[in-house]
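Step one of this worksheet: look at the structure below.
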Amino acid sequence: DAKTTQPPSMDCAEGRAANLPCNHSTISGNEYVYWYRQIHSQGPQYIIHGLKNNETNEMASLIITEDRKSSTLILPHATLRDTAVYYCIVRVRLLQGAQKLVFGQGTRLTINP
Amino acid sequence: DTEVTQTPKHLVMGMTNKKSLKCEQHMGHRAMYWYKQKAKKPPELMFVYSYEKLSINESVPSRFSPECPNSSLLNLHLHALQPEDSALYLCASSHALAGEYNEQFFGPGTRLTVL
Chain A
1 DAKTTQPPSM
11 DCAEGRAANL
21 PCNHSTISGN
31 EYVYWYRQIH
41 SQGPQYIIHG
51 LKNNETNEMA
61 SLIITEDRKS
71 STLILPHATL
81 RDTAVYYCIV
91 RVRLLQGAQK
101 LVFGQGTRLT
111 INP
Chain B
1001 DTEVTQTPKH
1011 LVMGMTNKKS
1021 LKCEQHMGHR
1031 AMYWYKQKAK
1041 KPPELMFVYS
1051 YEKLSINESV
1061 PSRFSPECPN
1071 SSLLNLHLHA
1081 LQPEDSALYL
1091 CASSHALAGE
1101 YNEQFFGPGT
1111 RLTVL
């Protein structure tokens, strides 16, 4: 299973962009990068995923380097409610479409007022 | 309905007890998952069910026994647990399709304490 490496913690001021890096140097060609976050005492929540191209949705943007060995999750205008642990995950697809998510240690993001 | 529900929210049990955790979803997902999460650690995959059949058992001790009685329900039967099994148990579900978009939806978890 491909492994991911993230900084253990980051701080960001409210209203600024939060940029969360992730290294996944052993990713293989058909593996997607997924980002989830977990707010204290809740289940993880899906944010975004990508394969090669940059992706954007209503929550965040995902920038994947050309060699696919690293990516950055961008929260464009962070709010206090974005304080959470953010997990970068390389998805492993199993038989019959079920998938294995191997969570790394994650980045604890704190948004400061 | 995009919700995964888990019951109970909290469970305290002794080492000789038998209890069950329940997970339910009505999103038509045919893949369901159990994760274990210790305090300040990431979730760890325990079991994967696909089309009501066990696909993956991540070398979980036999005192944990999963069951998928139908496409909407997933149970985790607990017997003779140890105090170190105390953790947050998370259930998740997803489509079991060959395409890329198989987002896993997580429930809120059951916080288990083994005395």
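As you go down the protein sequences, you meet chains A and B in turn. Sequential numbering of the first sequence, starting at 1, is according to my numbering. Sequential numbering of the second sequence, starting at 1001, is according to my numbering. Think of the CB as a built atom: it goes at the ideal place given N, C-alpha and C, for glycine as much as any other residue.
| Query | Result |
| --- | --- |
| CB-CB length for B:S1055 against B:V1048, believed under 8 Å | 5 Å |
| Element boundaries [beta strand (DSSP E), containing A:G50] | 45-50 |
| Nearest residue (CA-CA) to B:H1077, options B:E1084, B:Q1025, B:Y1089, B:A1039 | B:Y1089 |
| B:P1069 at chain A interface by Cβ criterion, 7 Å | no |
| 6 Å CB neighbourhood of B:P1083 in its chain, flanking five on each side removed | V1114 |
| Residues of the region 62-95 of chain A with Cβ closer than 7 Å to any Cβ of chain B, in chain order | Y87, L94, L95 |
| Between the CA atoms of B:S1062 and A:R108 - distance to the nearest angstrom | 33 Å |
| Cβ of A:P44 within 7 Å of any chain B Cβ | yes |
| Nearest-angstrom beta carbon gap, A:I47 and A:A60 [assumed within contact, 8 Å] | 5 Å |
| Residues within the region 1072-1094 of chain B neighbouring chain A, beta-carbon criterion of under 9 Å | L1088, L1090, C1091, A1092, S1094 |
| Given 8 Å, three or more beta-carbon pairs between the region 1029-1039 of chain B and the region 1009-1019 of chain B | no |
| B:G1109 burial status per 10 Å Cβ neighbour count (16 or more: buried) | buried |
| Three or more C-beta pairs below 8 Å linking the region 84-91 of chain A and the region 28-42 of chain A | yes |
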